[in-house]
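Notes for the one structure printed next.
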Amino acid sequence: MGKTDILGLLPDELSDFLVSIGEPKYRGAQLYGWLMKGREIGEMTNLPASLREKLAEHAEMRLPKVERKLVSKLDGTVKYLFRLIDGECVESVVMRYEHGISICISSEVGCPMGCVFCASTIGGKVRNLTASEMLGQIVAASRDIGERISNVVMMGIGEPLDNYDNTVRFLRLVNEEKGLGIGYRHISLSTCGVVPMIDRLREENIPITLSVSLHAAEDEARSAIMPINRRYPLGELMPACRRYFDGSGRRISFEYTLIRGKNDSEKNADTLVQLLRKYFSDKGKLLPLHVNLIPVNEVKERDFSRSDKAAVDNFARFLNSKGVNATVRRRLGSDINASCGQLRRESQR
Ligand code: SAH
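Here is the structure:
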């Protein structure tokens, strides 16, 4: 019998596991408390030695280990390269905001989606992360900084909806009130637009914020930078987003990466407004939604440059003047190159 990955269990499942190895159920609460603090079995000092021995024999913990850590001198952003149980690495970024501490986590080792501006997908996908490895990034980072993390964004390496079952399990783990207790409203999931999985997620009734990576508002342009668009073009993606909004009541956040000369003109902004109006209007009025503009992070291996500040400001102003709520993403950790995918690439070289 293989070892049980106890970091990936909900409290009741952990108690059942303890019973299955001949231990009393009530030890579950103690053990769970240690797990959520990111402790190793050897550190669980209030558990009897006999139990710790049994755990060493029957359990494993897929808690990521800090392999590298970069701290921004500008704003305190912390970027981690985490090593996983099999030696693979992923990245997480901890950001400090007025409303609390936020972590951006990875959902896969590498990514199969092939977006042309993205560093994470170079080299393709190696494997899914388990739910415990996603949770473990939060637990390990929180232990490292010694503070509670209150917000989670799934915007690191990987496509969460390509790793659907583990992602949904992770969402339930992170929300568990006896554990980290992070409310669904404090969690965002970003997807490139895997349409059937957006519908499945809606049916789970997990009221997280869905972020959809749009980056272009016409099929030809979007297919040129995001291969997923050939499978699920805008005519399928946008209605799925609308169904998600109607079903969950949660405002969707559309991400739009600004690439110089590619998608950052006023005409592009106008096309975006038309697209949003087409699918997100009710009786002629635009429904609540948000556009998050991200000046592209220049990736060494990729041949893209970021739009200049005037083009970014102009794009945002145009959207807002048409009643589309748009903000430009603040760039945190610019001195440590905090955007994802690049540290892992470096570590592979
Ligand atoms: N697979 C998910 C999460 C990816 S990362 C998704 O596609 O949404 C989160 C966001 O960063 C996505 O919108 C992604 O398109 C964007 N992104 C990727 N590479 C980028 C880069 N070099 N500069 C700016 N944004 C980038």
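Numbers given in the working numbering equal positions in the sequence shown, counted from 1, plus 56. Glycine included, every Cβ here is placed at the ideal spot set by N, Cα and C.
| So does T313 have its beta carbon nearer than 7 Å to some heavy atom of the ligand SAH? | Within the sequence shown, residue 313 is the residue found at index 257, counting from 1. Within the cutoff, so yes.
| Beta-carbon spacing of E311, S246 below 8 Å | Working through the sequence shown from its first residue, we reach residue 311 at position 255. Working through the sequence shown from its first residue, we reach residue 246 at position 190. Yes. Within cutoff.
| Looking at C-alpha atoms only, which residue of A280, V209 and R307 is the closest neighbour of I315? | Here residue 315 is taken as the residue at index 259 of the sequence shown, counted from 1. Of the listed residues, the one whose Cα sits closest to I315 is A280.
| said: For a test of the three-state rule: what should DSSP assign to C174, helix, strand or coil? | reply: For this step, residue 174 is matched to residue 118 along the sequence shown. C174: coil per DSSP, three-state reduction.
| message | For P344, count the other beta carbons within 10 Å of its own beta carbon; 16 or more makes it buried, fewer makes it exposed. Which is it? | response | As a position in the sequence shown, residue 344 is number 288, starting the count at 1. P344 comes out exposed.
| said: Suppose the cutoff is 8 Å on Cβ atoms and the five residues either side in sequence are ignored; what does the same chain contact list for E79 look like? | reply: Taking the first residue of the sequence shown as 1, we reach residue 79 at position 23. Same-chain partners within the cutoff: L107 and K110.
| Under three-state DSSP, which class holds H155? | Position 99 of the sequence shown holds residue 155. The answer is coil: DSSP assigns H155 none of H, G, I, E or B.
| How about H242 and S206: do their beta carbons lie closer than 8 Å? | Stepping through the sequence shown from its first residue, residue 242 is reached at position 186. Stepping through the sequence shown from its first residue, residue 206 is reached at position 150. For H242 and S206, yes; Cβs fall inside 8 Å.
| request: Assuming C167 contacts I238 (C-beta within less than 8 Å), just tell me the rounded distance between them. | output: Position 111 of the sequence shown, counted from the first residue, corresponds to residue 167. Position 182 of the sequence shown, counted from the first residue, corresponds to residue 238. Contact flag wrong, Cβ pair sits at about 24 Å.
| message | With H, G and I counted as helix, E and B as strand and the rest as coil, what does DSSP make of M253? | response | Along the sequence shown, read from residue 1 onward, the residue named residue 253 stands at position 197. Of the three classes helix, strand and coil, the one that applies to M253 here is helix, per DSSP.
| Does the ligand SAH have even one heavy atom less than 7 Å from the beta-carbon of C457? | Since the first and last residues shown for the chain are 57 and 405, residue 457 lies out of range.
| query | Skipping 5 residues on each side, what residues in its chain have a beta carbon closer than 7 Å to that of N319? | reply | For the purposes of this step, residue 319 is taken as residue 263 along the sequence shown, with counting starting at 1. Same-chain partners within the cutoff: H271, A272 and A277.
| Going by other Cβ atoms of all chains shown within 10 Å of its Cβ, with 16 needed for buried, is Y88 buried or exposed? | In the sequence shown, residue 88 corresponds to position 32, counting from 1. It counts as buried.
| request: Go ahead and label L119 buried or exposed: buried means 16 or more other beta carbons lie within 10 angstroms of its beta carbon, across all protein chains shown. | output: Taking the first residue of the sequence shown as 1, we reach residue 119 at position 63. Flag for L119 reads buried.
| field | Presumed contact (8 Å Cβ cut-off) between H346 and N381, rounded CB distance | value | Taking the first residue of the sequence shown as position 1, residue 346 is located at position 290. Taking the first residue of the sequence shown as position 1, residue 381 is located at position 325. Indeed they touch by this definition, with Cβ atoms about 5 Å apart.
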